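These protein sequences, in sequence, are chains Z and B. Just so we're aligned: 916 in our numbering is position 911 of the first sequence, and the numbers increase by one with no gaps anywhere. Just so we're aligned: 769 in our numbering is position 764 of the second sequence, and the numbers increase by one with no gaps anywhere. For glycine and all other residues, C-beta sits at the position ideal for the given N, C-alpha and C. Remember, predicted model here, so these are calculated numbers, not experimental data.
Protein chains: 2
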Amino acid sequence: MSTTSGVELATLSRGKRLLSEVRRQEKKGSFTEIFYSRLMALSTRDEKLKIELFRFVDALPALKSPESVARHLLEYLVRPDVSLPPGGAQLLMGLASTGPSRSLLHFASHTGARLMAGRFIAGRDGVEAVKEIERLRRVPMTFTMDLLGEAVTSEVEALAYQKKYLDLIEDLARLSQAWPGIDQLEKASYGPLPKVNVSVKLSSLYSRFDPMAADATVKAVKERLHPILSAAKNHGLFVNFDMEQHDFCTVTNRIFREIFTQPEFADWADVGIVVQAYLKRAEADLIELRNWVIARGVPVHVRLVKGAYWDFETIIAAQRHHPVPVWEKKTLTDACFERCTEFLLDNWQHLRPAIASHNVRSSSKAQALAEAKGVPPRTVEYQVLFGMGEPIGRALAAQGERVRTYVPFGELLPGMAYLVRRLLENSSNDSFIRKSGDQSADDALLAEPNSSALPPPAERGSDAVFVNNPEVDFAIPENQEKMQDALDQIQSALGFTVPIVINGKREESAKVIERRDPSATAVIVSKAHFASVAQADAALAAASAAFPSWRDTSTKERAELLRRTAEQFEKRRFEISAWMVREVGKPWREADGDVAEAIDFCNFYAAEMERLSEPRKRNLPGEWNEYFYDARGPAVIIAPWNFPLAILCGMAVAAIVAGNPVILKPSEQACRVGYFLQEALEAAGCPAGVSNFLPGDGEEIGPTLVNDPRVAVIAFTGSKAVGLSIIRSASEVRAGQREIKRVIAELGGKNAIIVDEDADLDEAVAGALASVAGFAGQKCSACSRIIVIGDAYEPFCHRLGEAMASLIVGNAADPATNVPPVVDADSQARIERYIEIGKQEGTLIGQKAVPPELIGTGYYVAPSAFIDCPADGKLCQEEVFGPVVAILKAATLDEALAIADGTIYALTGGLYSRSPKNIERVRREFRVGNLYINRKITGAVVDRQPFGGARMSGVGSKAGGPDYLQQFLVPRTITESVMRRGFAPTEEG
Amino acid sequence: MSTTSGVELATLSRGKRLLSEVRRQEKKGSFTEIFYSRLMALSTRDEKLKIELFRFVDALPALKSPESVARHLLEYLVRPDVSLPPGGAQLLMGLASTGPSRSLLHFASHTGARLMAGRFIAGRDGVEAVKEIERLRRVPMTFTMDLLGEAVTSEVEALAYQKKYLDLIEDLARLSQAWPGIDQLEKASYGPLPKVNVSVKLSSLYSRFDPMAADATVKAVKERLHPILSAAKNHGLFVNFDMEQHDFCTVTNRIFREIFTQPEFADWADVGIVVQAYLKRAEADLIELRNWVIARGVPVHVRLVKGAYWDFETIIAAQRHHPVPVWEKKTLTDACFERCTEFLLDNWQHLRPAIASHNVRSSSKAQALAEAKGVPPRTVEYQVLFGMGEPIGRALAAQGERVRTYVPFGELLPGMAYLVRRLLENSSNDSFIRKSGDQSADDALLAEPNSSALPPPAERGSDAVFVNNPEVDFAIPENQEKMQDALDQIQSALGFTVPIVINGKREESAKVIERRDPSATAVIVSKAHFASVAQADAALAAASAAFPSWRDTSTKERAELLRRTAEQFEKRRFEISAWMVREVGKPWREADGDVAEAIDFCNFYAAEMERLSEPRKRNLPGEWNEYFYDARGPAVIIAPWNFPLAILCGMAVAAIVAGNPVILKPSEQACRVGYFLQEALEAAGCPAGVSNFLPGDGEEIGPTLVNDPRVAVIAFTGSKAVGLSIIRSASEVRAGQREIKRVIAELGGKNAIIVDEDADLDEAVAGALASVAGFAGQKCSACSRIIVIGDAYEPFCHRLGEAMASLIVGNAADPATNVPPVVDADSQARIERYIEIGKQEGTLIGQKAVPPELIGTGYYVAPSAFIDCPADGKLCQEEVFGPVVAILKAATLDEALAIADGTIYALTGGLYSRSPKNIERVRREFRVGNLYINRKITGAVVDRQPFGGARMSGVGSKAGGPDYLQQFLVPRTITESVMRRGFAPTEEG
């Protein structure tokens with residue numbers, strides 16, 4: 006300990022003093038305190054029990070009847086994998102079995118939850134919370150108000166939030182006039198502070214908040230903020246911007262800096278923002294902020310926190326294969342917190358420090374640093390959470406520090422996300438608060454965090470060698486710029502003419518077709534030579550001729566070709582996306598997702614082919630048997646326009662890696678994008694003839710390709726009518742045909758989401774909206790029916806209708822666009838026809854009209870939601886392939902399942918529910934190809950969600966799955982008798 | 006050592022004496038001795054080198070040109086996995102590169118092999134061998150002559166052997182007159198012994214030697230033996246029966262006892278038989294023999310050996326899943342040998358003992374026992390092998406013992422099997438002879454064998470849980486009796502009327518069809534109610550109604566149903582086989598194999614479904630994904646008559662275990678046998694409606710079944726024409742259809758065997774014959790073309806033609822039958838038509854005419870082999886489905902492959918070759934569904950040889966393979982977001 010610095014020694018001695026003060030404060034336990042500590046003790050004993058208990062608490066506000074409460078309690082807690090205290094299961098089952106005792110359970114659960122919530126939530130509204138504020142001021146501790154609320158899914162809800170903030174400001178401005186001033190709270194070293202402090206969550210002010218659409222988001226949020234800030238400034242209040250998930254970080258900082266540089270607010274010092282020390286970027290953000298403040302000339306406040314979304318951030322990063330933005334070890338977060346504290350104390354003239362922590366070590370370190378650096382008293386503010394940090398807040402206040410409590414208020418239901426997050430935080434093993442009762446652990450609690458510890462390498466859950474390609478993170482401004490640059494650059498290349506490629510040679514044809522930008526039909530995006538029947542025949546001959554040598558090329562070499570093709574896509578990523586935006590009107594994220602999926606297909610099928618190339622052996626003494634796969638023969642690939650790269654690529658590279666040369670027929674609407682595949686394959690070294698590129702008119706060359714006896718495989722994705730006719734034609738064996746043709750067909754869908762009575766409506770509305778309107782509903786996986794059970798129907802319809810009307814319809818090139826135009830005039834007319842049908846069959850409850858200035862400039866349609874359409878009517882039975890949805894009501898899950906199942910398709914489906922039993926039943930009985938539970942039903946990822954449906958949705962093959970390649974292969978068995986003259990080697994050489 | 010018995014002490018002291026005498030004798034090395042010991046030293050250093058060297062030696066006699074020798078030497082020896090002595094590879098490659106040095110290699114190899122052969126083979130014929138015999142007599146050691154020869158594949162060859170034995174007897178009788186008598190050799194304690202002793206291999210006397218056809222085999226062999234034995238007896242010679250593989254053991258003993266009980270030979274004492282101590286049954290056989298001798302009243306000789314087919318017996322038993330007939334540990338064989346020795350010495354009055362061993366311990370033990378038991382001198386004979394056991398023989402002779410050498414003679418080529426067996430024996434690690442040079446190991450060499458050591462449990466090579474069902478071993482007389490009993494018992498049940506079963510209820514119909522015994526068409530075997538279209542519709546309705554609940558039945562339960570079904574088959578095994586014999590004319594072994602395959606399908610698909618029911622998981626933090634399989638829907642099963650139980654069962658239980666109810670349409674010719682499946686399923690507890698049994702006329706009810714919209718899967722095995730029409734019909738989507746139909750079609754073949762120039766013709770002729778004529782060629786896997794390369798053509802054609810003419814055409818119920826009648830009059834007419842075509846297109850070179858007494862009594866056809874038919878002619882292009890084959894000549898492997906590939910089919914294929922390069926190339930380029938190397942091309946076994954072809958032979962699915970069940974299943978993916986409020990469990994519960 007000889008090297009311990011003076012600050013460290015002071016930290017330890019202050020820490021010990023603070024700890025004993027905290028313990029003194031903790032003694033003052035109330036009834037709810039006891040209830041709460043029992044719950045914590047129970048839930049931390051068993052991780053599984055904790056999870057199930059919190060899931061129950063999460064669902065509780067949605068459970069209206071005693072029956073429902075009892076049922077959910079049993080479903081969550083009485084199960085073999087949850088260990089309840091002795092007798093617990095019997096007690097619960099007994100209570101759940103009769104009406105009166107069910108009412109008791111209902112009462113107890115809701116009362117318990119309300120008591121718990123009351124510990125963390127100060128009241129339903131600002132007025133109710135004032136009682137708690139006044140109590141705190143007597144400690145003395147001041148406050149900042151936090152308005153809890155549900156997810157904002159529509160502009161109606163966003164405006165309601167804005168109104169609540171405005172009301173809160175008026176209420177507190179009025180009420181606070183009665184409060185006597187308290188120097189310890191309102192006299193900082195650098196001057197007076199407002200009595201009233203309000204925290205604002207920016208995402209609650211705008212339903213289309215999206216960091217990628219940075220400009221649109223900044224503009225909209227600033228508009229909504231303006232009256233709030235004006236009122237606060239006029240009343241002399243303090244406003245702090247809260248920080249949410251990492252995705253929102255950059256855009257939140259940008260809004261903060263832009264709005265507080267505006268003349269009206271540029272001189273306002275009573276404003277603050279949050280920095281999260283768990284972010285790896287925390288220190289860099291502080292430096293940037295300090296530099297901005299220097300330019301602004303007026304200081305701002307910084308609330309330094311550790312961060313409350315750690316689980317979420319690590320999960321999302323893992324799912325997206327993005328770098329994890331947070332420190333992976335708690336000790337690194339603690340170390341970062343201390344470094345940030347020191348930075349703030351060094352820059353307190355610019356950045357007013359507020360140290361928000363329940364960790365005694367962290368607070369003591371701030372105290373010791375302030376003393377060592379000669380920072381004047383009451384410069385540093387300490388912040389704690391209402392209901393959690395009160396003992397430490399009181400202890401700091403008793404030492405004369407300036408302490409502020411973060412006080413949430415609002416309805417119990419919308420506050421549940423906050424409540425569960427608090428419960429988790431308090432039951433986590435790393436939680437400081439829980440440990441502080443343990444006298445012997447003091448030294449450990451106060452120990453300096455080890456900043457040299459490196460985060461462990463991320464581990465993968467599965468044993469697969471394949472790793473998904475991460476999508477571009479458009480929350481990062483650099484990526485937004487790259488995309489914009491790519492869009493700018495292709496501008497001059499518009500009108501590019503796509504050639505035909507046969508046996509490695511570029512060819513032209515007499516028929517050149519133009520493709521117009523669906524977002525702005527005045528512009529010709531690309532042209533393509535459409536192949537003649539003779540050219541189709543030549544392509545078939547080339548593929549046929551290339552077959553033997555390509556079949557005999559080693560698996561390794563074929564797999565490497567795919568990996569190099571993926572690298573080509575990666576190189577030209579933004580360029581391809583930009584063309585996709587222009588050629589088919591695919592918005593940024595979806596265009597990039599399309600490229601990422603193409604990359605995934607290449608890498609996944611390469612790994613799969615390597616896996617399948619290991620023969621399955623059955624060796625006996627004297628006899629060796631192996632089962633392996635051989636190429637099937639030339640393949641025709643007929644692709645759709647909606648995933649113009651990914652689906653074409655997936656089908657093609659599966660065929661190629663299996664040893665089959667291909668004829669690629671890209672969609673007529675997406676020849677330029679399809680041509681990127683041909684270019685990438687060639688750049689990767691694909692031999693001439695192995696990939697032949699044949700843009701053309703399906704009706705003209707399709708039959709030639711499908712019927713030719715040289716073709717062994719036809720892979721088709723598209724409409725049911727065309728798919729079934731291909732299956733029919735391919736079943737005819739023609740003269741000279743060697744193989745019985747294999748047809749792989751992915752067809753349409755009429756996909757439904759079931760919303761259970763106990764669903765989390767925040768998630769259900771957002772997920773359904775994304776499933777219906779993403780890429781204007783032009784995905785075979787898109788949702789076109791929503792079936793809502795029981796009481797959830799009214800609020801769901803209400804919120805979804807409003808959310809629908811809040812969508813932004815616009816040019817696909819604009820990152821703010823939610824709903825781009827559809828692909829062509831035929832599509833537009835068809836969708837408009839279905840909107841008319843919807844109006845005849847039912848009632849329109851939400852629609853975003855096409856903005857007047859866009860009408861006639863592109864193939865825009867109005868996203869629309871209908872109710873009261875008959876389940877067997879046209880709107881509920883026919884594939885619309887546009888942003889149109891019918892919402893149906895079901896009394897029970899039985900009825901919902903029957904409706905969901907009542908079409909000829911079986912592609913995707915969804916369920917939002919918090920009932921384990923219902924989830925289990927829907928998993929079993931909602932027999933679609935891809936079922937999604939508690940998330941949107943689009944966006945299947947290669948390997949993770951092998952994609953494809955049964956019934957009239959396709960032949961049941963699943964792209965991106967373990968059985969897909971087999972369709973391009975023929976199994977063979979070789980048996981060798983290795984016994985000679987009665988002797989045999991025992992093992993194969 | 007205090008407990009060591011007197012005999013044991015005497016054994017050890019005699020052993021030491023004998024050992025030093027052996028070493029003295031070994032010193033007398035010749036030139037070939039040195040060459041041989043170098044080869045042994047080289048080959049025992051490296052197991053891989055040894056195997057390759059012996060494989061080369063095995064092929065050598067077939068290599069006519071220097072180029073061929075050089076090529077094979079390089080292919081076998083110069084490869085990464087064989088470690089040659091330093092510089093060896095370079096030397097070989099250098100020598101192989103030019104004409105003159107290739108000639109040197111050729112010369113050296115053949116000379117080397119000849120020298121080696123000369124060590125073990127006394128001469129080309131009896132006369133040549135006499136020089137060696139006379140040399141041995143001077144030692145003094147006497148002899149027994151062993152006539153080496155190639156496998157007997159035709160009666161021409163069998164008769165040639167008979168002639169050779171007769172010649173040998175005459176030659177030796179004459180030559181031996183000049184030999185002076187030697188008391189040590191010809192004066193046994195019990196009387197004089199003939200100077201000439203001849204060993205006879207019974208299997209060489211009859212080309213259709215088959216222990217199952219015991220009566221026919223015994224009769225034929227006795228006929229051939231008669232002149233041999235008469236001549237030998239007349240000349241006063243000694244005849245010993247050799248013992249070959251275990252399968253032949255029982256029938257050989259029977260022939261020995263029967264023929265030497267015949268009045269002509271009943272008093273003859275100069276006869277002997279062999280007992281193999283490595284057989285677990287050796288002691289039991291000795292007891293039986295002794296009891297028979299007591300009854301006969303005249304003693305016989307017994308040669309006690311260890312046994313030379315140990316590798317072969319263990320391999321064959323493992324392949325057939327039969328119990329291993331030999332001791333699995335060498336020490337147990339040694340212990341058994343000593344117990345048998347003791348038994349012989351106790352019974353020397355009945356069984357004259359000949360102790361044949363190169364193990365000093367074994368011989369010394371016999372000496373010590375003889376002494377202890379007071380057995381008179383020269384009672385026990387000692388036997389050693391020519392070229393191997395001479396030192397020990399000389400040592401024993403020097404001690405005054407009576408010693409006989411086993412002297413093989415014959416051509417080098419036919420003797421190669423013997424030579425390689427000897428080489429192996431001498432290079433094996435357990436070989437005593439090799440060790441005996443090592444003085445320090447004397448104690449180990451003389452140690453008492455540990456008879457308490459138990460054989461280790463048999464180990465399986467693969468990791469599969471599935472185990473193939475063993476076929477009935479018809480070499481066991483009890484099994485022959487059971488089969489005969491079953492045939493007798495069903496006699497009274499003939500005329501059984503097969504009902505229709507719909508939804509568990511027996512139904513009749515207006516149309517009852519009779520089925521006649523193809524072996525005796527006067528007999529009605531069975532009748533069947535043929536379903537009407539209305540009944541087909543009712544069956545479809547039943548299957549449809551049963552679908553939901555059967556689909557939802559657990560995998561475990563469905564799998565167990567299959568296992569219980571297999572048990573039902575096992576219970577009624579002989580009964581089912583007997584009906585199969587009568588209903589479709591399937592011979593015993595093939596009928597039993599059919600039942601065994603049905604059992605395998607049940608157990609294999611049960612295990613496969615359990616394997617597939619484990620979902621493939623891709624769990625990420627916060628998101629759980631699983632990929633699994635669901636039932637597809639009602640299945641129609643349309644089966645052929647040639648595997649009336651196995652194929653019907655395989656297709657049906659695959660559908661059933663996957664959760665799909667079935668409509669079973671058995672073949673019109675095999676309704677009774679098909680009905681066994683329905684009965685077994687019901688007895689196993691299959692719910693009503695899950696299996697509906699619908700005998701009927703394919704043309705009448707087929708379209709109803711195939712076209713019905715309720716059908717999801719059609720599994721068909723049969724003709725190409727019907728199969729393709731089903732594929733076509735099923736591709737039409739009809740009103741009310743939910744699923745795009747999946748058709749599984751196994752169609753025809755035009756299968757070829759390629760016979761390489763260096764092929765082992767013994768094996769090639771036998772394998773081709775089995776592939777062509779087994780079950781009268783009525784297998785889709787049967788061989789109908791043989792393509793012979795270069796110089797192998799003439800001898801192959803010659804031998805195959807003769808072999809063909811030696812086949813026994815007869816009633817399927819007769820175990821001696823090789824070629825049963827074909828299934829019906831249509832088949833008979835078709836095959837006869839193709840025989841006519843063969844005569845027009847080419848030349849008939851071998852045919853077994855239908856015996857006159859059978860003509861008109863059944864659907865008999867004459868198995869026929871043709872040459873000179875054009876490869877693109879009718880006989881070489883069209884499926885005959887009968888015992889007719891065309892032999893084609895090819896100059897090169899290229900040409901052979903081109904011919905083989907030149908049909909529209911790709912089902913099975915074969916190659917006989919001893920060129921590693923050619924084998925490798927054919928594996929790659931002979932692209933059939935099932936390729937067999939150096940064995941027959943029929944008889945695929947479930948799991949070991951998944952069966953099915955591509956091109957016009959089928960859709961590429963393989964029955965009994967890992968991908969088969971998937972065709973009856975639909976894959977589904979379920980994705981569940983398990984993140985709530987930003988938290989998630991880390992592992993699924």
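What is the rounded straight-line gap between the Cα of E57 of chain B and the Cα of V27 of chain B?
-> 32 angstroms
Under 9 angstroms, do A1015 of chain B and F391 of chain B count as touching if we go by C-beta distance?
-> Here chain B covers residues 6 to 994 and nothing more, so residue 1015 of chain B does not appear.
Buried or exposed: which applies to G277 of chain Z, given that a residue is buried once 16 or more other Cβ atoms fall within 10 Å of its Cβ?
-> buried
Neighbour flag for D316 of chain B against chain Z, beta carbons, 9 angstroms = yes
Exposed or buried, which one is P826 of chain B when buried takes at least 16 other CB atoms within 10 Å?
-> buried
DSSP beta-bridge partners of W555 of chain Z | In DSSP, W555 of chain Z forms no bridge with anything.
Taking only the alpha-carbon atoms, compute the straight-line gap between L499 of chain B and V828 of chain B and give it to the nearest angstrom.
-> 18 angstroms
Assign A911 of chain B to one of three DSSP states: helix, strand, or coil.
-> strand
So what does DSSP say about M957 of chain Z, is it helix, strand or coil?
-> coil
Would you say L729 of chain Z reaches chain B, if we count a Cβ-Cβ gap shorter than 9 angstroms as a contact?
-> yes
Proximity of S736 of chain Z and K746 of chain Z at Cβ, strictly below 9 angstroms | yes
Below 7 angstroms between beta carbons is the criterion; list the residues of the segment 958 to 986 of chain Z that meet it against any residue of chain B, in chain order.
-> V960, G961, K963, G966, P967, D968, Q971, V975, P976, R977, T978, I979, T980, E981, S982, M984, R985, R986
I187 of chain Z beta carbon less than 9 angstroms from that of L234 of chain Z = no
Using the rule of at least 16 other Cβ atoms within 10 Å of the residue's Cβ for burial, across every protein chain shown, is A539 of chain B buried or exposed?
-> exposed
Since D948 of chain B meets chain Z, which of its residues come closer than 7 angstroms, beta carbon to beta carbon?
-> R623
The alpha helix (DSSP H) with S102 of chain B in it runs from where to where?
-> 93 to 102
Could you pull out every residue in the same chain whose Cβ sits closer than 8 angstroms to the Cβ of I495 of chain B, ignoring the five residues on either side in sequence?
-> E580, A583, W584, R587
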